[in-house]
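Below you'll find the structure, written out as structure tokens, and then a few comments.
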Amino acid sequence: MSLNSKRSSSNRSNDNNKRKKQKITANQKTLGVVWGSNSPKSPFSDVGSYMTEKNRKLHNQFNAEATSHNNPIFAGVSIFVDGFTVPSSQELRSYMLNYGGRFENYFSRHRVTHIICTNLPHSKLKNHLRAFSAGLPVVKPTWILDSVASNRLLTWAPYQLEQLSNNQQPKLSTFFLSRNSKSSEDTFTNALCQVEPVIHDSSASVGKSEDGHSSGVEKVVEPSSQISMEADDTVSENTDAIMTDEQLTSVGVKCDEEDPAGGRNDASKDERNFQSELETNYQKPSTSVSSPCSDDQNVIEFPSSVSTRPSKQCHSTLSDPNFVENYFKSSRLHFIGTWRSRYRKRFPISSTGVDNGISNINTSSVSGNSAIIHVDMDCFFVSVVIRNHPELLDKPVAVCHSNNSKGTAEVSSANYPARSYGIRAGMFVRDAKALCPHLVIFPYNFEAYEEVADQFYSILHRHCNKVQAVSCDEAFLDVTHSNVEDPELLASSIRKEIYETTGCTASAGIAGNMLIARIATRTAKPNGQYHISPERVQNHLSQLPINALPGVGHVLQEKLKKQNVQTCGQLMMISKVSLQNDYGMKTGEMLWNYSRGIDNRLVGDFQECKSIGADVNWGVRFKDMKDFFQCENFLTKLCKEVSLRLRSCGMQGRTFSLKIKKRRKDADEPAKFMGCGDCENLSHSVTIPVGTDNVEVLQRIAKQLFGSFYIDVKEIRGIGLHVSRLENIETSKQEKFNLKSWVTSGSASMDKQKHPMSNGHDKQNMDGTSVHECRDLRGSSVQMDNNIQNNQSSADRISTPPPLCHLDVEVIRNLPTEVFSELNEIYGGKLVAYITKGKSISESSSSLQNSLLEKEAINKEEELLDVEPILQKRKLSEIEAMQHEAVEGGAVSDSGFLHTGDRRFAPMLL
DNA sequence: ATCCTCCCCTAC
DNA sequence: TAAGGTAGGGGAGGAT
């Protein structure tokens, strides 16, 4: 997995080679080069689908134990028990056994329908669990007990874990909703009642969401059929697409001759079934029977049955109105990114101690007796998809979207035999094929990766209670204070179990800190382990190339190279002061420390989520102004995506940043099909006083930000929306939901906004566009922050609300009754009269803000001038002034298109 | 000195 | 054809 980024950035640098030559050279060296073409040799005697076998075994065991159910209350229910529960997980398992349900030993969203969990003591945990559950209901064990007592399946909604359920308090986002739209609470409540959660992690939505979500209470699925379907999925994935007759035979022989490694005897009793299933699957009609090792013959037809595969027809913003959704379903980098984040959230803190960080500082870190194990799966994507193809173990294999020998699809993962040909992750498939014409290409199988990753973490947690996830296939374990006598033995045991369970190999590094453990894994790969004792650290580091250090990428490597520094030994010769002068305080210190093997990071250090966003930088094309509304649609969909992601984490954000990739002037067509090519990266942001996850608010903000770019849509090659200053939903509800504080903060800000043009806050962007900073909003938000910190009642601070004319009528109309009454009181009862006559004002000025993005704007000017002419005149003159300023600043796009969007008008105000 | 925005770099 | 995402850290430079 570590190769992906290097290669993908390398490809992108192909587009930018004139500007950033160093990127290309810096990316030439990878781990694969260093370790050459070692083909993975298993320490265990078997290969193949032991994972499938083991799962089958567990399920068979469960079925054997299950009594015949007179009343299968839990038919279709499959639980995973998370952590300590009352009653115990074994008791819950018994209930499942006796009443027709299923019990899963490993968490998999593919199989599990409900997560059972007792109340969580630590407030932070709930968000991690929410993210981890990704839409699956997290329910208290009493749901099971009560269902049994009632002799029927009760709805789980009332049993949902309290900390995870939204409370019904009104929230600010409802202020911004239009009258006819549902509040987010409504949506969530409906979701609860309808069983199928509306909110889900985007990665969870791929293909399996139907299975995972719909097999809840109401849609009962016969347990046995569910399992067999999954087994089919696992075994049949890709096989009919790639296997040849010859290979079919070889697989059959292999399976006959060799049993899976550990537990061989236990497994053998199910083998006949397993074997026949394999054969059944392999005998599916296959249109491709050529040898995978013969050049152009091995055209792989990607299985159309793979559920993760969206329509092939649509691959750009020009042809697909749902491009955003479809894109994320197929993006490997999206999966890598979301998994990384998911697993980090899922296991943020050790199971035995919440404050392990502090205890570590006082003991292991200082005493120098730490024992850290770094575990990393070998060429993860390839390993997973060739588990069922032992005959391909020593053949060059890669995972890629396309097998087109002339194409620009990127190789995502290459096994070691492929690497011996110089094939690297990130390389175009045409280049890879040029290096190795008989390279076997497999398509992605995201579901399988997820399943293996879940198993990987289940194993790690069974062996260690201090696990820090790095990504879906990589983690650190701190075994310092466990009862482990020999970390090397433990590492060996873990790797063995990973192999036996998943059919994939893992490597491990063992050392006294995370840095050295990670470096040790580099030596261990593939399929090995390596221990670096403290006395051997210096020796090991001295010849190590600097880019082996985490944090040293191609740019830093190139800069250091210019100083004749290529190894850690050479780096060590430079003083800390000098490094800090050249590379900044933090980076300099990091280099100084790492070159000496010093690393003070702690396994399990908790990291709060700081930002959430979504980018699309592929397939983005808008031909001309006719596509403007398509661009708007794109932005809308992006906001939906971000809103969903925020909600799935239980977060709301205050700062919104829109990134645009703009084709660089005179840039050639990108080498990569539908790529973004050589671009300028532009970004604008805005901060609002109170956090939101509401999609309509996001859309308004995004459109305003978009307008501030003054960009010709033809030039856009990528768009990203990011939300930061995140606040936990519950925390923010408790601490900040105070209407007066919001109103009065708004007032303070509006005082500054009264003279927007004379504040001197506008500045010039690199691209010449004018940026109007939201000094008003930022000022108020800072004020609010300080207020919260001081535990001071914000209602006591300022007593003057903003003028009525600054409030958005639509927002006011949608306030909950009690909130409206409160606000009306603040305005001395004038609010009622204001909203009854002010509808036209709101719509008109809002339209003006959003300029051409708001289609209905055109016909509203008469209304606008009829009502409150003074106010509107002022606003119009401001906008005219800004337009003038934009023209002066060269902000008119090449097409002569001018936007009038302005971020100073915050969403909650006119 | 501190905070902010914009942007780059990095890892997976 | 093809799916070049995600998130954290940090530096530069400007505002206060």
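Residues are numbered in the working numbering as their position in the first sequence, beginning at 1, plus a constant of 405. Beta carbons are placed, not taken as given, at the ideal position from N, Cα and C, and that holds for glycine.
Limits of the alpha helix (DSSP H) - the one that residue i falls within
i, result
"C1054", "F1033 to C1054"
"D781", "Run containing D781: none in the alpha helix (DSSP H); it sits in the beta strand (DSSP E), I777 to M782."
"H739", "R737 to R751"
"E905", "P892 to T907"
"V960", "H959 to K967"
"F1111", "V1100 to G1112"
"V857", "F851 to H868"
"I937", "Taken as a continuous stretch (DSSP letters only), I937 belongs to no alpha helix (DSSP H), as it is neither H nor E."
"G354", "Nothing about residue 354 can be read from this structure; the chain reaches only from 406 to 1315."
"S552", "T547 to S555"
"A1340", "Outside the displayed span of the chain (406 to 1315) sits residue 1340, for which this structure offers no information."
"A837", "V834 to L840"
Residue i versus residue j - alpha carbon distance
i, j, result
"S818", "V789", "11 Å"
"A837", "R1052", "41 Å"
"P801", "T910", "17 Å"
"R516", "E509", "8 Å"
"Q873", "I924", "17 Å"
"C1036", "T523", "46 Å"
"V942", "L1007", "18 Å"
"E496", "E890", "33 Å"
"L738", "T992", "26 Å"
"E856", "E902", "15 Å"
"V957", "A913", "21 Å"
"S775", "D1004", "12 Å"
"L502", "K545", "18 Å"
"H936", "L1040", "50 Å"
"L1110", "H1089", "6 Å"
"F467", "R507", "8 Å"
"I604", "Y904", "Confidence at I604 is low in this model, with a pLDDT of 23, below 50, so the placement of that residue should be treated as unreliable; the coordinate-derived value is given next. For I604 and Y904, the distance between alpha carbons rounds to 34 Å."
"R1001", "F861", "32 Å"
"V1118", "S876", "36 Å"
"L1087", "K1108", "15 Å"
"C805", "S746", "23 Å"
Where residue i falls, given that 16 or more other Cβ within 10 Å makes a residue buried
i, result
"R557", "exposed"
"A554", "exposed"
"E989", "A small fix is needed here, since residue 989 is Gly in this sequence, not Glu. Exposed."
"E1013", "exposed"
"K967", "exposed"
"N932", "buried"
"M978", "exposed"
"V780", "buried"
"V1021", "buried"
Proximity below 8 Å, CB of residue i to CB of residue j
i, j, result
"F1061", "L961", "no"
"Y999", "L920", "yes"
"V787", "N808", "no"
"L1103", "S1016", "no"
"V491", "H519", "no"
"G908", "R792", "yes"
"R1068", "T1092", "no"
"G1082", "R1059", "no"
"M1056", "I1106", "no"
"S721", "G1024", "yes"
"V884", "L894", "no"
Beta-bridge partners of residue i, as assigned by DSSP
i, result
"H1127", "G1018 and S1062"
"P950", "T972"
"T490", "The partner list for T490 (beta bridge, DSSP) is empty, contrary to what the question assumes."
"E879", "D781 and S876"
"F847", "V804"
"H519", "I484"
"R1316", "The requested residue 1316 is not part of the displayed model; the chain covers only 406 to 1315."
"V544", "I521 and Q565"
Element boundaries [beta strand (DSSP E), containing residue i]
i, result
"P1094", "C1084 to T1097"
"V816", "V816 to A819"
"A916", "A911 to A916"
Residue i: CB within 7 Å of a non-hydrogen atom of the ligand MN
i, result
"Q1057", "Looking for the ligand MN in the displayed structure turns up nothing, as the structure carries no ligands at all."
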